[in-house]
Structures are given as C-alpha cells and as structure tokens.
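Accompanying notes for the structure given below.
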Amino acid sequence: MDRTFMLIGVVAAFIGVGFGAFGAHGLRGRTSPEMLAVFETGVRYQMYHALAILITALALSRFDAPLIRWAGWLFTAGIVIFSGSLYALVLTGTSSLGAITPFGGIAFLAGWACLAIAAVL
C-alpha cells in the first residue's frame, strides 16, 4: 500500500468528519440554509474522494502505474480546490471564490479518468 496516499486519504477523511460536525453544529443558525448546503456539498465530496484516495493507495500496492499515482494527486488537488473553495466561500462570504470551484471538479474528473484508463491498460 502506498503510505503517502494512505496518509492523505486518512487525513482528508478525518478533516471531513470534523468539518461535517462543524457544519452540522457550528454553522446551523449562523448561516443561511443555502450556504449550509454548500458547506455540506464540500464535506460530501471531500469524503467521497478521501475514500477514492484510499482506493488509490490500495491499487498502487498491486499496480504501480503512473496513471494511478496521477489519480491520487488529482483527487488530492480536487479536495483542496473544490471542497476548500466551498468552505472558504461559506466561512468568508466571498462569492468570487466560487469561480475556482469548477477547477476542483475538473481535477476530480481527471482523477477518475486516470483510474479508468489505468484499468484498461
């Protein structure tokens, strides 16, 4: 198992659980329901992709393919850009941060594409 991606996946999941609790308890009543939903979207995608990073770590233990490693880094970048921009948007109220969120989504998609291509090669 690739320890780097195992560590990244575990830390991302840990932070995701913490942010989920913060959103459910710390933000309720302090932000609009719409902004709370935005925050929850960030948490949900972070958790999905924390698991994807852990799957990547497992895949690397069996197939040390460059595309699998790329997938792990793209998932990591996606969490930072996609989820991070949504968290910052809600916590700061700076709506222009929403403009970078799609780049995180593209990183997620590229990561999944890398895994798919690695599976057929």
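Heads up: the sequence shown runs through residues 23 to 143, numbered per our numbering. A virtual CB, placed ideally from N, CA and C, is assigned to each residue, including glycine. Only a predicted model underlies this, so the values are computations on that prediction, with no experimental measurement involved.
Rounded to whole angstroms, T116 and A140 show a C-alpha spacing of 38 Å. Taking C-alpha positions only, H47 is separated from V142 by approximately 44 Å.
Looking at the DSSP output, R50 sits in a beta bridge with T53. Nearest C-alpha to G133 among A81, T123, Y70, W92: W92. Excluding the 5 residues flanking it on each side, F61 has same chain C-beta neighbours closer than 7 Å at G45, L49, L108, Y109, V112, in chain order. In this structure, DSSP gives F85 a state outside helix and strand, which the three-state scheme calls coil. The continuous alpha helix (DSSP H) containing A140 extends over residues 123-142.
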